[in-house]
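In my numbering, the protein residues as written are 4 to 475.
As structure tokens, the structure follows; a few thoughts come after it.
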């Protein structure tokens, strides 16, 4: 963490401020804050998640529309701009998740306690109030502050199993009157949003990530984490809220912090992969054409679609934060097929989301912007640097864990995808389990996105180095 520019520990000044926050009165309704505690809010997140950033509620309207409310933890209400906690968050910018330890951007007393939208607790939220039409369009939205209560903590795993495989209904939905119907309305709204995005050319991927199984401090193995309908429900709600938040700031003439993914860095590579499936993509980046190709492959070969997804994601390139001044156009988000997009729905673990939250609250309350455009520009640049550094830390720790598992499989062969071609080497990810390493032998003529069979030749848990030989 330190090597990559992070401050892994909190200063005495941060703990002094924390003690002051812990002694503050409980959240109560006040001027400009609506009381929405009676609504049947729920959260959907990983079963192990403790820093809950969002809660959701929806209702069907007589005209066929669905009203969707996304309540976002009002972290700003507890973390004053310029305070020791704020300065620490501004330095690290993100919570760093490793296989064995989490380095929170904010102390856990804050991020998993005071500002986490925990079940049964009253919390301040910033609400995105959206109307979803039958075709999935969101023609209108409003934003306001509220006091809300999470009535049920649901998780991706059990809810996804119920959605996708007819598994047992999650216990809170059996216990709480009306929650089953509430989740069904939310699911319908999410399906509408997804269909609308798909029609606009949004790219739909499937991913498989690895998670370590640790018992008594020892890594026992790796398990795959796959997407499901519960994850997609929340993804669609968060995309909608982030789009509406960005459009709201633009409509109010406010400076904004945007998340953009410009045209793919390696479109030629994407065209080459499509050609392997006898598909001819246009010479210039084309969202609808790529989306149609991906959907065709998802239907034709769902088992291997995550592998194709990984190849395309690597070729598109990563996103970045940019400042958007009033009247400017930052270029939009290629993968989501939207022009306006901001990160705003995870303020317990991303500083950029706190910044956007402050900008929105200033507009809601009729106050001057808390940041100048130049300040937002500096925040964006630093956040981009720290995001890359966080990925480096997470990748390093993930490799150490993976190497400790893979050392039991020296000499075995695996199917892989080339994920990087840098001056330091050619890198690949094996697919089952998802593990990254460097191709030390036979790497000539390999390109990012290529499928290749590799043999594991070494795995060093101390360094995290995993080496493969390509088999041609």
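Backbone N, C-alpha and C define an ideal beta-carbon position, used for all residues, glycine too.
This one's a predicted model, so the numbers in the text were calculated from it and none came from an experiment.
Host alpha helix (DSSP H) of residue 196 (start-end):
182-202
Beta-carbon within less than 6 angstroms of residue 114's beta-carbon, same chain only, minus the 5 sequence neighbours each way: which residues are those?
54, 107, 351
Of all the beta strand (DSSP E) runs that stay within the bounds of the region 306-347, which reach a length of 3 or more residues?
323-327
N-terminal and C-terminal residue of the beta strand (DSSP E) that residue 417 is part of
416-425
Kindly indicate which residue of 155, 235, 158, 396 has the alpha-carbon position closest to the one of residue 191.
235
Check the DSSP bridge columns for residue 153 and list the partner residues they point to.
44, 122
Only counting runs of 3 or more residues, tell me where the beta strand (DSSP E) segments fall wholly within the region 256-283, in order along the chain.
259-263
With a 10 Å radius around its C-beta and 16 neighbouring C-beta atoms as the bar for buried, classify residue 184 as buried or exposed.
exposed
Between which two residues does the beta strand (DSSP E) carrying residue 59 extend?
57-63
Where do the N-terminal and C-terminal ends of the beta strand (DSSP E) with residue 358 fall, by residue?
First-last for residue 358: 354-367, but that is the alpha helix (DSSP H), not the beta strand (DSSP E).
Validate contact between the region 325-332 and the region 71-88 using beta carbons, cut 8 angstroms, 3 pairs
no
On the CB-based measure, 16 or more other CB atoms within 10 Å of its CB, does residue 513 come out buried or exposed?
Because the chain in this structure spans residues 4 to 475, residue 513 falls outside the shown range and cannot be described.
C-alpha gap between residue 257 and residue 362, whole angstroms
8 angstroms
Where does residue 13 fall in DSSP's three states?
coil
One or two residues paired with residue 463 in a DSSP bridge:
468
Between residue 60 and residue 42, which are expected to be in contact by the criterion C-beta below 8 angstroms, what is the C-beta distance as a whole number of angstroms?
5 angstroms
Just to confirm, are residue 349 and residue 56 a CB contact at a threshold of 8 angstroms?
yes
Does the beta-carbon of residue 305 have 16 or more other beta-carbons within 10 angstroms, so that it is buried, or is it exposed?
exposed
How big is the Cα-Cα spacing for residue 375 and residue 260?
11 angstroms
Within the same chain, show all residues whose beta-carbon is closer than 8 angstroms to that of residue 17, passing over the 5 residues directly before and after it, in chain order.
87, 88, 91, 110
Are the CB atoms of residue 319 and residue 267 within a distance shorter than 8 angstroms?
yes
If the criterion is Cβ atoms closer than 8 angstroms, does the pair residue 429 and residue 405 meet it?
no
Out of 334, 302, 282, 250, point me to the one whose CA is closest to residue 264's CA.
334
Quick check on DSSP: helix, strand or coil for residue 159?
helix
Outcome for residue 98 when other beta-carbon atoms lying within 10 angstroms are tallied against a minimum of 16:
buried
Measure from the alpha carbon of residue 368 to the alpha carbon of each residue in 24, 35, 417, 466, then state which is nearest.
35
Are the beta-carbon atoms belonging to residue 489 and residue 458 less than 8 angstroms from one another?
Any property of residue 489 remains undetermined from this structure, which presents the chain solely from 4 to 475.
Take residue 121 as the anchor and find which of 413, 105, 76 has the nearest alpha-carbon.
76
What do you reckon, are the CB atoms on residue 233 and residue 147 nearer than 8 angstroms?
no
Give the straight-line distance between the Cα atoms of residue 372 and residue 425, rounded to the nearest whole angstrom.
42 angstroms
Compute the beta-carbon to beta-carbon distance between residue 188 and residue 63, rounded to the nearest angstrom, for a pair I have assumed lies under 8 angstroms.
6 angstroms
Return the CA-CA distance between residue 456 and residue 418, expressed in angstroms with no decimal places.
5 angstroms
Tell me residue 454's beta-bridge partners as DSSP assigns them.
420
8 angstroms contact criterion, which residue 201 and residue 339 should meet: CB distance rounded
Not quite, the Cβ-Cβ distance comes to about 11 angstroms (not below 8 angstroms), so this is no contact.
Segments of 3+ residues assigned as beta strand (DSSP E) that fall wholly inside the region 48-112:
57-63, 69-76
Residues sharing a beta bridge with residue 432, DSSP
420, 439
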